[in-house]
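K.L.:
Same order as they appear, the protein sequences are chains P and R.
No gaps in the numbering here: position 669 of the first sequence is 663 in this note's numbering, and each next residue is one more.
No gaps in the numbering here: position 84 of the second sequence is 762 in this note's numbering, and each next residue is one more.
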Amino acid sequence: MPDNGAPLSAERIAYLEGLVSQARTAAAIFSQCTQEDVDRIVKPMVIAGLKQAQYLARLAVEETRIGLLEDKALKNMVATEFVYNYIKDKRTVGVIREYPERGVIELAEPIGVIFSLTPVTNPTSTVLFKCIMAIKTRNAVIFSPHPRAWRCCSEAVKIMYETAVKHGAPEGVFTCLESHTLEDNAYLMHHKDVGLIDATGGPGAVKAAYSSGKPALGVGAGNTPVYLEKTADLDMAVVDILTSKTFDNGTICASEQTVVIDDEIYDRVLKKFADLGTHICNEKETELLGRTVIDPATGYMQPMAVGQKATDIARFVGLKVKPNTKLLIAPIKGVGREYPLSVEKLFPVLAVYRAKSVDEALRVCVDVNHLGGLGHTAVIFSNNDAIVRQFGDMLNAGRIIVNSPGSIGALGGVYNDMVPTFSFGCGTGGGNSTTDNVNVYHYLNIKRMAKRTPAHMWFRVPNQIYFNMNAVENLRNFPSRSTVIISNPPLEQIGHVDIVRRSLPPQTQVRVTIIPDAEPDLKIIAQGVEALNFYKADQIIALGGGSVIDAAKIMKLKYESPQADLEELAAPFLDIRKRVVQYPTEKVNHSRLIAISTTSGTGSEVTPFAVMTDKERGVKVTLADYSLTPDVAIVDPQFVMSMPKGLTVDTGVDCLTHALEAGVSIYASAFTDSNAMQAIRLVFKYLPESYENPRDEEARTMMHNAACIAAIAFSNASVGVNHALAHAFGARFGVAHGRANALMLPHVIAYNASVPTKFMPSPNQRAYVAHKKYAMIADLLGLGGHTVEEKVAKLVAATEQLLDRLAVPRSIAELGISKEEFERAMPELTKNAFDDPSWRSNPRMPLISELVELYWSAYRGRGAAQPKAATMPEAVEEEAFV
Amino acid sequence: MTTAKTPAYVEIASDGVAQALDVARENLESGDELTLDFSRVPRIEARDLRALEALAKTGEEKGANISLRGVNVEVYKVLKLARLTSRFSFER
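1. So is Asp630 of chain P buried or exposed if we call it buried at 16+ other beta carbons inside 10 Å?
2. Decide yes or no for the touch test of the segment 433 to 444 of chain P against the segment 222 to 231 of chain P: beta carbon pairs closer than 8 angstroms, at least 3 of them.
3. Is there a Cβ of chain P sitting closer than 8 angstroms to that of Leu727 of chain R, yes or no?
4. Mind checking whether Lys740 of chain R and Ser708 of chain R have CB atoms under 8 angstroms apart?
5. Identify whether Gly425 of chain P lies in helix, strand or coil by the three-state DSSP scheme.
6. What residue from P:Thr237, P:Thr86, P:Phe567 has the CA that sits closest to Glu103 of chain P's CA?
7. Taking only runs of the alpha helix (DSSP H) that begin and end inside the segment 116 to 142 of chain P, which ones reach a length of at least 4 residues, in chain order?
8. Label Gln501 of chain P either buried or exposed according to how many other C-beta atoms from any shown protein chain fall within 10 Å of its C-beta, with 16 as the threshold for buried.
9. Got a sec, what are the start and stop residues for the beta strand (DSSP E) Tyr221 of chain P sits in?
10. If I follow the unbroken alpha helix (DSSP H) through Arg18 of chain P, where does it start and stop?
11. Do you know whose CA, among P:Lys316, P:Gly195, P:Phe453, lies nearest Pro602 of chain P's CA?
12. To which residues does DSSP link Asn743 of chain R through a beta bridge?
13. If we cut at 8 angstroms on Cβ distances, does Gly166 of chain P have a partner in chain R?
14. Of the choices P:Phe461, P:Gly212, P:Asp411, whose alpha-carbon is the least far from that of Gly423 of chain P?
15. What's the gap between the Cα of Arg18 of chain P and the Cα of His174 of chain P?
16. I'd like to know whether the C-beta atoms of Asn826 of chain P and Ile628 of chain P end up nearer to each other than 8 angstroms.
17. Tell whether a beta-carbon distance below 8 angstroms holds between Ile590 of chain P and Val466 of chain P.
18. Taking its Cβ as the centre, do 16 or more other Cβ atoms sit within 10 Å of Val89 of chain P, making it buried, or is it exposed?
19. Would you tell me roughly how many angstroms separate the C-alpha atoms of Gly406 of chain P and Ala564 of chain P, rounded to the nearest one?
20. Helix, strand or coil for Arg703 of chain R? Go by DSSP, reduced to three states.
21. Do you know whose CA, among P:Val677, P:Lys201, P:Glu486, P:Leu222, lies nearest Asn948 of chain P's CA?
22. Let me know if Phe528 of chain P comes out buried or exposed under the rule of 16 or more other beta-carbons within 10 Å of its beta-carbon.
23. Closest to Val694 of chain P by CA distance: which of P:Ile703, P:Arg145, P:Val713, P:Glu683 is it?
24. Would Ala702 of chain R pass as an interface residue toward chain P - the criterion being a Cβ-Cβ separation below 8 angstroms?
25. Determine the contact status of Ile508 of chain P and Ser474 of chain P, defining contact as a CB-CB distance below 8 angstroms.
26. Quick check on Pro139 of chain P: buried or exposed, where buried means 16 or more other Cβ atoms within 10 Å of its Cβ?
27. For His652 of chain P, report the span of its beta strand (DSSP E) as first-last.
28. Give me the chain R residues within the contact set of Ile129 of chain P, using Cβ-Cβ distance strictly less than 7 angstroms, ordered along the chain.
29. Compute the Euclidean distance between the alpha carbons of Pro688 of chain P and Gln487 of chain P, then round it to the nearest angstrom.
30. Within the continuous alpha helix (DSSP H) that includes Asn439 of chain P, where are the two ends?
31. Please identify, using Cβ separations under 7 angstroms, the residues of the segment 99 to 132 of chain P that lie next to chain R, in order along the chain.
32. Can you tell which of P:Leu516, P:Gly522, P:Ala546 has the C-alpha that lies nearest to the C-alpha of Glu561 of chain P?
33. Taking Cβ positions only, does Ala22 of chain P come closer than 8 angstroms to chain R?
34. State yes or no: is the beta carbon of Met(-5) of chain P nearer than 8 angstroms to at least one beta carbon in chain R?
35. Buried or exposed: where does Thr592 of chain P fall if 16 or more other Cβ atoms within 10 Å of its Cβ makes it buried?
36. Are the beta-carbon atoms belonging to Ala729 of chain R and Glu711 of chain R less than 8 angstroms from one another?
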């Protein structure tokens, strides 16, 4: 026996280092083998194991004096034949699995050197199992068998090794410590070249493995509870339990330990056991048995009883039993230290408990499970599916075996389709990292190769868009029993509401709800919803600018789905496809929303966004979902012919910003680009005309179309950092949204055209293309220039000129905001701008320091819009249109 | 006074790696500059690794500089796993 506790001598260290070096070299060489190579080695190993099954079983029984030769031979066969049947077609080299639909490939990387502890209870079968797994996965193993099973294990290693090397495995692939101490084990467990510890054994070995700091598979003790429920097939259950608990004299740690039996069947079950060769202990015998086979000091089973025959245990304890007794059954009245036989007993002694109810039975099973069996195995015999499920829910066990023997069932592949193993993962309950039946995949580093998969893109627009002069007349195509028009006072006063009313089919019941000309709040929304309910509206017509149309969108949402929680729906999200909060799909009312825009900027008639104010909380609530998009959009320029100059500029610049930002957005696509580019062209051509000649019908028409087209682009590609800056600035200093956008616009173009400090992650873009997009826009506008840099500069200049022509303030300073005031506001501005979701689709990821620079650039105004770093190089030949 | 030695160059054949390495080791002298061409070695065996290890040891003892040329990535990974790469220099 090893002499534990002595420090390792230099010679011993040299010996251990030699083992590791040999294994490391073998593993290195083995890494060159192909799948065909390893499969060619594994098969003869399996055959050798099968041929030597009885021989190794005999050696094991002779050496350990534990278990039965016949059962050990059977275990050796299961460890070879059944395991081979499971692994033979499995790929364990190179590409092992492919998921083409996900673009993911799994590749196998061997671990290298595995240090393996094997137990005294299942010595040779465990060695055979681990050798086959190691070769299948191209690993080298250093075995450290239990000292009481060293000879049989080293013989098993030798048989496996010689066969493996004969068929092409590298020399040194398996070695077996020639005797060992705990210090040897500790040395190897901590060795830098040992990649994995696979410890099958007692709690001490498992704990040492997990304490080493190395990745470990530690599989230790169990305490299997069995619930024998009254609906079970009792004959089958009794035979299964007998088969399992007496298998190799109960040495498999998954074998049954305490059977909890329903009161109604208890006596019948015990009689069946007795009829089949079981001795049922009386109270006195149970007490004597418990005192003898369980160590009263530790509460654990006595090692001398492990794997012994029932008759030998009975003789040792002093019980009189029949000569052919297979099993000793000891009735217990509870679980815990005061009931010694309720713990794990790796010998043919089985505790039984009489339960008066299902609830009591399950509670006792849970108690047994928690008395040293967490994560391991549990068994139920029942034909009541509900109780079986409840048992599964209540028991913490990696293997829950139903209507079959615990030990052989847990091994897998015989009574069920679980993975065949000789190593049971017990999860965190058992201090393990897995609940799996340990198999070849635990002997591999599985590498996942993930190919770039472009995100699914979309292009959503309202079902129908009617545009050009008198497009409102198309309303007659929309029959309705009850239509509610939502508009604001000025539009009612100038007769626009009447135009709409006249355009509806004559039989339509029409009501008008007038709301204030301002961003809607909760009260206004509630009043609108009340009107919709009162009139049982089946059609809502929103006539107005962004505020009115947004209000109508939210009213429709609450009218159709009163349960919608606006605060929850406004929860932030990064990707609309993966958002946490989903908009309601169940509707109590159904209505059609027709949006008629009366400004040429927000494009709310085609967007999935709506903004409202929560006055009570003092916050703006932004809702975004494609279900908010109006069903029909009417883009009729007659409603904008009288738009004031200031509004023309503010909304027109907003439209230009939408198009420019959608054009360079990370969500830009060929679909959105076509809209963004067209909108930009229209704005540059027609916005000055609209501004200077408000009655110019063509200019008004084109600008009205441009606003809608730009909105289609940004509804699908989103906006960018310009909007984030403008939102924060506009809110802080009370500047109209369009004007705030205008102040930032040239500076943001220059910023996005420069080499980014941080790129925005974007699977859909194959290169940084913002600068090229701007150059294309410059080409589209005919601005000239030869290089990308020149073209970007020309676009910035053209934007400056456009804004000059529209007479918008060209710097924040011009608004009368002092440098000091602006400086004081800067922390709040940058915080709010960074919190704004708009920039998350910007091509550059803005740093907060860059937001500060952009704000100061806008403060200084004209001429400050210069790329800070070099404009992105032209050498990138990627297609700018994505 | 020391005389600079002419660098020696040995092409390794795929079917005799260990033998070639053993010969190289036996002939190694102090301060030698030795280049071993592995271009024709697609895969190596355990005995080859052992021979390389022995050569590295002798080289270190004799202060020789041993370079491996043309080592393919598969063989290079084996040398890496066997912790041998730090003991040689590598040429393309």
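No residue lacks a Cβ here, since even glycine has one placed at the ideal position from N, Cα and C.
P.N.:
Let's see:
1. buried
2. no
3. yes
4. yes
5. coil
6. P:Thr86
7. 117 to 130
8. exposed
9. 218 to 222
10. 4 to 24
11. P:Phe453
12. R:Glu711
13. yes
14. P:Gly212
15. 20 angstroms
16. no
17. yes
18. exposed
19. 51 angstroms
20. helix
21. Chain P is shown only over -5 to 876; residue 948 of chain P falls outside these bounds and no answer can be derived.
22. exposed
23. A small correction: the amino acid at residue 694 of chain P is Arg; Val does not occupy that position in the sequence shown. Here the closest residue by C-alpha is P:Glu683.
24. no
25. no
26. buried
27. Element bounds for His652 of chain P: not the beta strand (DSSP E) but the alpha helix (DSSP H), 639 to 658.
28. Simply none; closest approach about 15 angstroms.
29. 20 angstroms
30. First-last for Asn439 of chain P: 438 to 444, but that is the beta strand (DSSP E), not the alpha helix (DSSP H).
31. Gly106
32. P:Leu516
33. yes
34. Reliability fails at Met(-5) of chain P, whose pLDDT of 35 lies under 50, so the model's placement of it is uncertain and the value that follows must be treated cautiously. No - not a single Cβ of chain R is within 8 angstroms of the one on Met(-5) of chain P.
35. buried
36. no
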